[in-house]
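For reference, the structure is listed below as structure tokens.
Residue numbers (my numbering), protein chains in the order written: chain A, 1 to 275; chain B, 1001 to 1275.
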């Protein structure tokens, strides 16, 4: 299935509404994918972006909760952490990451939160033939994306996990939370030197702009390492370009999209039609 | 153009969002028409129903105002009167009717309200070859629909306008407002006897259910009178059925839909592609 393109939609008073809330939102394209998954699966649902400023989130939640046809929310930047505290129930994984990116309204009206960023990333690895279980992994960046990646790698069973961030507090806090949740796993702070890691992941924004410095010492990459980037656009970042030239296995950020969208659709109770 | 059916929609972060707010909303089909008008006109816009309980309207307005991609609102029952007082500017017509059914966000962020129920009704008459100017008219029911019909008939230049309602206060209030706005027009309370009127309009809900009594003395209709019904479903109400049997000109409620939708689309800055 292609990730973009229009969907043939019947939008009426019976349609379940899913809002994709963020600020800014102009970059959002995932609604096309969600709408096509819904339409092709025969579901009476529509996904629509809503640009909601952060300072309005708290006021928006009771209003949105009162709307019976609002069946769910997909949260993007900057609302993922704040929404964790505004749902009625969140998974252990979401609490560990400290964020939700999908909220479902259950039949009793309760809001159930989950985070799928890590699952999307894992699907991207697996699609490229990479199984993280038993491997060593370096994650650069411990913001929202980095937390989700680190938690998913820990859950999947890597044998060594190193985390890097220029923000001492953020990386120390994540190391602490992960050690508490995965006491038998070797988790520590790392450096920007990727030497010796099976899987190296960039979870910083560095690489979105052509003028960005590289997020890690790409000169120290060696053939056979796996290098993943969480950046969606450009699809091939300077890091991935150099990794490919070094004969690393490269996992582009957009590889996460389809798998994550299908997982979120299932979370919303929509079984996707596989094409 | 058919009034229902799916539309091929690209919904992304640049799409202008129009919410159709009401409670209940399950009966809403107009979003299909608006979405097709937008898609066929090449506009990056989507119309989506939102079921918003009345008690949340006041809390919802500041939240919705803060969302830059929310380009407008179409109000349905029960929000039309309350929204009149929540917009920054409303037309003289909307203030006279006491309601808005469309709100546009202008480039400076102000909310501009307008009422199109009367324009839809007038388009329906004109489409059936009926010109109200210079005619006499009886309007039964002075709720939201009846007010809009009465105001549109007065503005169009009927020479005599009679209003009927079982609620004395409502009908007296509308008569007073119309007399003040149209001092040269003969406006008074009427009865449910349609004798002698060129145009007879049902603006009550009577006729939606098969067991409803007729809204007026249909036995007194005579050939050549125009009988219009504001009820959309069923398309042919018992009143219209009896009027047709009496060789009256019949104007079905749904005749208002396409004209009103095109007028609202233009109000939203979308020039519809005429097919």
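Cβ coordinates follow ideal geometry from the N, Cα and C atoms, glycine included.
Could you pull out every residue in the same chain whose Cβ sits closer than 6 angstroms to the Cβ of residue 123 (chain A), ignoring the five residues on either side in sequence?
259
State yes or no: is the C-beta of residue 1007 (chain B) within less than 8 angstroms of the C-beta of residue 9 (chain A)?
yes
Please return the same chain residues whose Cβ sits closer than 7 angstroms to the Cβ of residue 60 (chain A), not counting the five positions on each side in sequence.
52
Would you call the stretch 1154-1170 of chain B in contact with the stretch 1189-1207 of chain B, where contact means no fewer than 3 C-beta pairs closer than 8 angstroms?
yes
Check each residue of the stretch 35-49 of chain A: if its Cβ is closer than 9 angstroms to any Cβ of chain B, include it; give the result in chain order.
35, 39, 46, 47, 48 and 49
Do three or more CB pairs link the stretch 1120-1135 of chain B to the stretch 1169-1187 of chain B at distances below 8 angstroms?
no
Find out if the Cβ-Cβ distance for the pair residue 190 (chain A), residue 138 (chain A) is shorter than 8 angstroms.
yes
Does residue 1056 (chain B) come within less than 8 angstroms of chain A when only Cβ atoms are used?
yes
For residue 1158 (chain B), three-class secondary structure by DSSP:
coil
Counting beta carbon pairs with one atom in the stretch 1025-1045 of chain B and one in the stretch 12-19 of chain A, are three or more of them shorter than 8 angstroms?
yes
Does residue 237 (chain A) get closer than 8 angstroms to chain D when you measure Cβ to Cβ?
Absent from the structure is chain D; the protein chains it does hold are A and B.
Going along chain A, which residues have a C-beta under 8 angstroms from residue 1069 (chain B)?
25, 49, 50 and 51
DSSP three-state call for residue 221 (chain A): helix, strand or coil?
coil
Measure from the alpha carbon of residue 1222 (chain B) to the alpha carbon of each residue in B:1267, B:1095, B:1249 and B:1117, then state which is nearest.
B:1249
What are the residues that DSSP puts in a beta bridge with residue 1023 (chain B)?
DSSP, once it has assigned bridges, lists no residue as partnering residue 1023 (chain B).
Check whether the stretch 234-251 of chain A touches the stretch 206-221 of chain A, counting contact only when three or more Cβ pairs, one atom from each stretch, lie closer than 8 angstroms.
yes
Taking a cut of 9 angstroms between CB atoms, which residues from the stretch 1198-1219 of chain B lie near chain A?
none
I need the boundaries of the alpha helix (DSSP H) containing residue 260 (chain A), first residue and last residue.
255-267
Residue 1100 (chain B) and residue 1121 (chain B): beta carbons closer than 8 angstroms?
no
Could you check what DSSP says for residue 1048 (chain B) in three-state terms: helix, strand or coil?
strand
For residue 200 (chain A), which three-state DSSP category applies?
strand
Looking at the unbroken beta strand (DSSP E) that takes in residue 70 (chain A), where does it start and where does it end?
70-75
Which word fits residue 1085 (chain B), buried or exposed, when buried means at least 16 other C-beta atoms lie within 10 angstroms of its C-beta?
exposed
I want to verify the contact list: residues of chain B whose CB lies under 9 angstroms from the CB of residue 73 (chain A), in sequence order.
In chain order: nothing, as chain B lies at least about 13 angstroms away.
Proximal chain B residues relative to residue 253 (chain A), where beta-carbon distance stays under 7 angstroms:
By Cβ distance, chain B contributes nothing, its closest Cβ being about 17 angstroms from residue 253 (chain A), past 7 angstroms.
Does any C-beta atom of chain B lie closer than 8 angstroms to the C-beta of residue 10 (chain A)?
yes
Residue 1087 (chain B): which of B:1271, B:1058 and B:1247 sits nearest, CA to CA?
B:1058
Taking residue 1264 (chain B) as the query, report the chain A residues whose CB atoms sit under 8 angstroms from its CB, ordered along the chain.
Residues of chain A passing the Cβ test: none, with the nearest at roughly 16 angstroms.
Using a Cβ cut-off of 9 angstroms, pull out every chain B residue sitting near residue 249 (chain A), in sequence order please.
Residues of chain B passing the Cβ test: none, with the nearest at roughly 31 angstroms.
Starting from residue 189 (chain A) and walking both ways along the beta strand (DSSP E), at which residues does that stretch end?
186-189
Bounding residues of the alpha helix (DSSP H) (the contiguous stretch that carries residue 173 (chain A)):
168-181
Could you give the DSSP three-state label for residue 1252 (chain B): helix, strand or coil?
coil
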